[in-house]
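Enquirer: Handing you this structure, nothing more for now.
Protein chains in written order, with the working numbering: chain R, 952 to 1213; chain F, 952 to 1213; chain D, 952 to 1213.
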């Protein structure tokens, strides 16, 4: 089965100097199936990335096709866990993640501290048992030797996650946590990159009141720090009114718009 | 909801020197939804333009994504009218439009006098009440200062429309009208571009007989004038046999083919 | 109607020197309709090729659009046969085809001897009556003068096919046959290219045992020869475990992975 879904957004963005119109559309294809023995398998790709998902970024598809697939993912999963090939995030990125951001465009994603990442076609293995999740990832073989491992403990009330990434040039330890106190959810991420002098740090609070969620974050990237404040109002039917302001240490940027899911 | 539709065509084209095979396929995604308060929202894009609809033409998506989206549109509409961001035609183009063309490929669209247009991500606002329609559009802010305004009065028997466009370099007034006399529909468009010495003029007649529609047009672009003659035969099920001949003032070109809607 | 289908694969490829991850996703749109008089028409294209299917490879769409459409096809069919415009294989390629290959990636398709091919937008005409099939194809007009004609006689037990291709530079005669003996299917193709000193030759055997099919092929391309050995195990639900080894005369390459149809 192939499910077609979509997302769109429209609004105004102030980039620190000018205000501009901004809009975007995305179409996503999600494929899923099940073998006779009960294994699940599937694949997912965006319409605008169908080319690199088919042939790899170099267009020639590498030696025999698909060895540099840098968009979309293909997986097989069962009692053994889930194995995904393609355009994966690193294990640390998948389980530690990021604190909440603001704005209908993300406003430059200043809330994200960043991960070392890996070269695609990469492989990601995930396994969950009860509250415990485990992930292991690898760059394409014979490239930058990037590997990552991460664990997460997650309950309804809180989660903690620890991730490690290592490649030929650098390494990073990431620690994340989240906790829900009534209407408030607090998230924190600490990232220690071996090559950087300072430890980076980010904190966010999401406060939900009926259809409205207010979000604030502070991010210290080491060389630069800043913060963001935003709100989202659920319009129903897949639409939301979303706006935010971010001081990224250089400019104060802002946006206001409508996000849509189809 | 995401609806997938398609259009295709195949046939022969004579370009004034040679006859060639010609074919084309288009896939379109149309998304629509409704908020709890009854506002409609949606988006639409072609599969071949999914890349520029997602990231903007420069691939980087501009400052925070989507500020140069030159394909696809995103809208929100309600009692206040309809507001569309993205790859819009100017207000004058939307309401005044063009006289009918001929051929399954359009044969160079010589029936169209042209509009000044605007830079995307543009904004288009439309409002209708009874027989009266109003449209207002703007280029991306801080670009070419293009704005356009247009009005149209439309009944089952006839319509008249007036549009004005202005940008940093030029301005254009467009006047259009159509009227139906039994089986015949007559359309006329006059375009007066400030920078052009002559006023451009186009006229078309569509004559419908059962499944067949015969179309003739004359277009005087000022520097060059020409005419076209064509016919379309509805094959049913979304297919039509369509052919035409156009004298564009330089060459006589022609085509014959089948158009398909899915 | 537009049907959306998909295919994906993931696994490991050994390219003779290194082992790498490999994965791929494809999305396909298949459109079909029927006229009031009972003619069938339709079109088909992959998502990653929607751009060249819409506008032609040069982006401008040629003189009046679609005259160099090198992806996707558009057809109309009825009692007179089937006429397809777009990105066609030559008539010889369509009816004579290739012997079976191995591996989830095809491992370089060394089993295929190759066809002269043609320039798109090409035209392909096919007609079948009982066990007999006939095909005729032409390059885009005014290009390389490539034409091809082929016939095939096919029953449940065996088939034979003969194809001829001719273009401005070369010509090729291709002869193919297949026969089924119980669980075994044997295929053979002989290709005689006018410009090549030697006649190329390929032979394959597919042996089916329940959910497993074992395939072996030998291919003599003239200047180089090699062979392949592989197997496919049907996992059900559209998935299969597929692997192969090919000696292509230069390297020994191998792969093992899962193929998926959605």
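C-beta atoms are modelled at their ideal positions from N, C-alpha and C, and glycine is treated no differently.
Just so it is clear, the structure is predicted and the values come from calculations on it, not from any experiment.
For the beta strand (DSSP E) that contains residue 1006 (chain F), what are its first and last residues?
Expert: Taking the first residue of the second chain as 1, we reach residue 1006 (chain F) at position 55. Run containing residue 1006 (chain F): none in the beta strand (DSSP E); it sits in the alpha helix (DSSP H), 1001 to 1006.
Enquirer: Expressed to the nearest angstrom, what Euclidean distance is found between the alpha-carbon atoms of residue 1090 (chain F) and residue 1101 (chain F)?
Expert: For this step, residue 1090 (chain F) is matched to residue 139 along the second chain. For this step, residue 1101 (chain F) is matched to residue 150 along the second chain. Whole-angstrom Cα-Cα distance: 15 Å.
Enquirer: Applying a beta-carbon distance threshold of less than 8 Å, which residues of chain F neighbour residue 979 (chain D)?
Expert: Counting from 1 along the third chain, the entry for residue 979 (chain D) is found at position 28. Simply none; closest approach about 10 Å.
Enquirer: Just to confirm my understanding: we take residue 1011 (chain F), look at its own chain, exclude 5 residues before and 5 after, and list those with CB closer than 7 Å. What are they?
Expert: For the purposes of this step, residue 1011 (chain F) is taken as the residue at position 60 of the second chain. Bear in mind that a pLDDT of 49 at residue 1011 (chain F), under 50, signals an unreliable position, so the number given afterwards is only what the model happens to contain. Nothing meets the Cβ criterion.
Enquirer: Starting from residue 1281 (chain F), follow the beta strand (DSSP E) in both directions and report where the run begins and ends.
Expert: Shown here, chain F extends from 952 to 1213; a query on residue 1281 (chain F) therefore has no answer.
Enquirer: Step through the CB atoms of chain F and report whether any lies within less than 9 Å of the CB of residue 1211 (chain R).
Expert: Numbered from 1 along the first chain, position 260 holds the residue referred to as residue 1211 (chain R). For residue 1211 (chain R), the answer is yes, since a Cβ of chain F falls inside 9 Å of its Cβ.
Enquirer: In the DSSP assignment, what residue or residues form a beta bridge with residue 921 (chain D)?
Expert: Coverage of chain D is limited to positions 952 through 1213, which leaves residue 921 (chain D) absent and any answer about it impossible.
Enquirer: In terms of residue numbering, what span does the beta strand (DSSP E) encompassing residue 1030 (chain R) cover?
Expert: As a first step, residue 1030 (chain R) must be located in the first chain, where it is residue number 79. Careful: residue 1030 (chain R) lies outside any beta strand (DSSP E) and carries neither H nor E.
Enquirer: Can you pull the chain R neighbours of residue 1023 (chain F), defined as C-beta to C-beta under 9 Å?
Expert: Locating residue 1023 (chain F) in the second chain gives position 72, counting from the first residue. Under the 9 Å cutoff, chain R gives 959, 974, 975, 976.
Enquirer: Report the rounded CA-to-CA distance for residue 1077 (chain D) versus residue 992 (chain D), giving the unit in angstroms.
Expert: Position 126 of the third chain holds residue 1077 (chain D). Position 41 of the third chain holds residue 992 (chain D). Residue 1077 (chain D) and residue 992 (chain D): Cα-Cα distance of roughly 14 Å.
Enquirer: So what's residue 1148 (chain D) in DSSP terms, helix, strand or just coil?
Expert: As a first step, residue 1148 (chain D) must be located in the third chain, where it is residue number 197. Coil, per DSSP.
Enquirer: Measure from the C-beta of residue 1161 (chain D) to each C-beta in chain R and report whether the shortest distance is under 9 Å.
Expert: In the third chain, the residue the question calls residue 1161 (chain D) occupies position 210. No - not a single Cβ of chain R is within 9 Å of the one on residue 1161 (chain D).
Enquirer: Tell me whether residue 1093 (chain F) is buried or exposed, calling it buried when 16 or more other Cβ atoms sit within 10 Å of its Cβ.
Expert: Walking along the second chain from the start, residue 1093 (chain F) turns up at place 142. Exposed, since its Cβ has fewer than 16 Cβ neighbours within 10 Å.
Enquirer: Would you say residue 1213 (chain D) and residue 961 (chain R) are within 9 Å of each other, going by their C-beta atoms?
Expert: Numbered from its first residue, the third chain carries residue 1213 (chain D) at position 262. Numbered from its first residue, the first chain carries residue 961 (chain R) at position 10. Going by C-beta atoms, residue 1213 (chain D) is not nearer than 9 Å to residue 961 (chain R).
Enquirer: Any chance the stretch 1014 to 1028 of chain R sits against the stretch 973 to 987 of chain D, with 3 or more Cβ pairs inside 8 Å?
Expert: Touching, yes, given that three or more Cβ pairs across the two stretches are closer than 8 Å.
Enquirer: Does any C-beta atom of chain R lie closer than 9 Å to the C-beta of residue 1011 (chain F)?
Expert: The sequence position of residue 1011 (chain F) within the second chain is 60, counting from 1. Unreliable placement is indicated for residue 1011 (chain F), whose pLDDT of 49 sits below 50; the coordinate value is still reported in the next sentence. So, not an interface residue.
Enquirer: Would residue 998 (chain F) pass as an interface residue toward chain D - the criterion being a Cβ-Cβ separation below 9 Å?
Expert: Looking up residue 998 (chain F) in the second chain gives position 47. Judged by the 9 Å Cβ criterion, residue 998 (chain F) is in contact with chain D.
Enquirer: Taking residue 1153 (chain R) as the reference, give the member of R:989, R:954, R:1050, R:1022 with the closest Cα.
Expert: Taking the first chain and counting its residues from 1, one reaches residue 1153 (chain R) at position 202. The option with the nearest alpha carbon to residue 1153 (chain R) is R:1050.
Enquirer: With DSSP collapsed to three states, give me the class of residue 1053 (chain D).
Expert: Taking the first residue of the third chain as 1, we reach residue 1053 (chain D) at position 102. Coil.
Enquirer: Would the stretch 1060 to 1072 of chain R count as touching the stretch 1138 to 1158 of chain R if we require 3 or more Cβ pairs under 8 Å?
Expert: Yes, the stretch 1060 to 1072 of chain R touches the stretch 1138 to 1158 of chain R.
Enquirer: Applying a beta-carbon distance threshold of less than 9 Å, which residues of chain F neighbour residue 1206 (chain R)?
Expert: Within the first chain, numbered from 1, the residue matching residue 1206 (chain R) stands at position 255. Within 9 Å Cβ-Cβ: 1015.
Enquirer: Please go through the same chain and pick out, in chain order, the residues whose beta-carbon is closer than 6 Å to the beta-carbon of residue 1214 (chain F), but skip the five residues on each side of it.
Expert: Because chain F in this structure spans residues 952 to 1213, residue 1214 (chain F) falls outside the shown range and cannot be described.
Enquirer: By the criterion of Cβ-Cβ separation under 8 Å, what are the contact partners of residue 1052 (chain R) in chain D?
Expert: Walking along the first chain from the start, residue 1052 (chain R) turns up at place 101. What residue 1052 (chain R) touches in chain D: nothing, since even the nearest Cβ is about 28 Å away.
Enquirer: Going along the stretch 1105 to 1129 of chain R in order, which residues come within less than 8 Å of chain D, judged by CB to CB distance?
Expert: Hits within the stretch: zero.
Enquirer: According to DSSP, simplified to helix, strand and coil, what is residue 1154 (chain R)?
Expert: In the first chain, counting from the first residue as 1, residue 1154 (chain R) sits at position 203. In this structure, residue 1154 (chain R) counts as strand in the three-state DSSP scheme.
Enquirer: Between which residues of its own chain and residue 1099 (chain D) is the CB-CB distance below 6 Å, once the five residues before and five after are set aside?
Expert: On the third chain, residue 1099 (chain D) is found 148 positions in, with the first residue counted as 1. The residues are 1041, 1042, 1043, 1088, 1116.
Enquirer: Do you know offhand how far residue 965 (chain D)'s Cα is from residue 1203 (chain D)'s?
Expert: Within the third chain, the letter at position 14 stands for residue 965 (chain D). Within the third chain, the letter at position 252 stands for residue 1203 (chain D). Cα to Cα, the separation comes out at about 9 Å.
Enquirer: Tell me the rounded alpha-carbon separation between residue 1186 (chain F) and residue 1037 (chain D).
Expert: Here residue 1186 (chain F) corresponds to residue number 235 of the second chain, with the count starting at 1. Here residue 1037 (chain D) corresponds to residue number 86 of the third chain, with the count starting at 1. Roughly 22 Å separates the two Cα atoms.
Enquirer: Assign residue 1201 (chain F) to one of three DSSP states: helix, strand, or coil.
Expert: Within the second chain, numbered from 1, the residue matching residue 1201 (chain F) stands at position 250. Reduced to three states, the DSSP call for residue 1201 (chain F) is coil.
Enquirer: Counting contacts by CB-CB distance shorter than 9 Å, is residue 970 (chain F) in contact with chain D?
Expert: Taking the second chain and counting its residues from 1, one reaches residue 970 (chain F) at position 19. Chain D, which has a Cβ nearer than 9 Å to the Cβ of residue 970 (chain F), makes this yes.
Enquirer: Which residues in the same chain have their Cβ closer than 7 Å to the Cβ of residue 1061 (chain R), if we skip the five residues on either side of it in sequence?
Expert: On the first chain, position 110 is the one that residue 1061 (chain R) refers to. Closer than 7 Å at the Cβ level, and outside the excluded window around residue 1061 (chain R), lie 1170, 1177, 1179, 1197, 1199.
Enquirer: According to DSSP, is residue 954 (chain F) helix, strand or coil?
Expert: The count along the second chain starts at 1 and reaches residue 954 (chain F) at position 3. Correct three-state label for residue 954 (chain F): strand.
Enquirer: Closer than 9 Å, CB to CB, is residue 1180 (chain F) near chain R or not?
Expert: By 1-based counting over the second chain, the position of residue 1180 (chain F) is 229. False, the Cβ-Cβ gap to chain R never drops below 9 Å.
Enquirer: Residue 1066 (chain F) bridges to which residues according to DSSP?
Expert: Within the second chain, the letter at position 115 stands for residue 1066 (chain F). Residue 1066 (chain F) is not bridged to any residue.
Enquirer: Looking only at its own chain, which residues have a Cβ that is under 7 Å from the Cβ of residue 954 (chain F), when we skip the five neighbours before and after it?
Expert: What you label residue 954 (chain F) is simply residue 3 of the second chain in a count that begins at 1. 981, listed in sequence order.
Enquirer: For a contact meaning CB atoms closer than 9 Å, what does residue 1150 (chain R) contact in chain D?
Expert: Translated into positions along the first chain, residue 1150 (chain R) becomes position 199. Per Cβ cutoff of 9 Å: no residues; residue 1150 (chain R) is ~33 Å from chain D at best.
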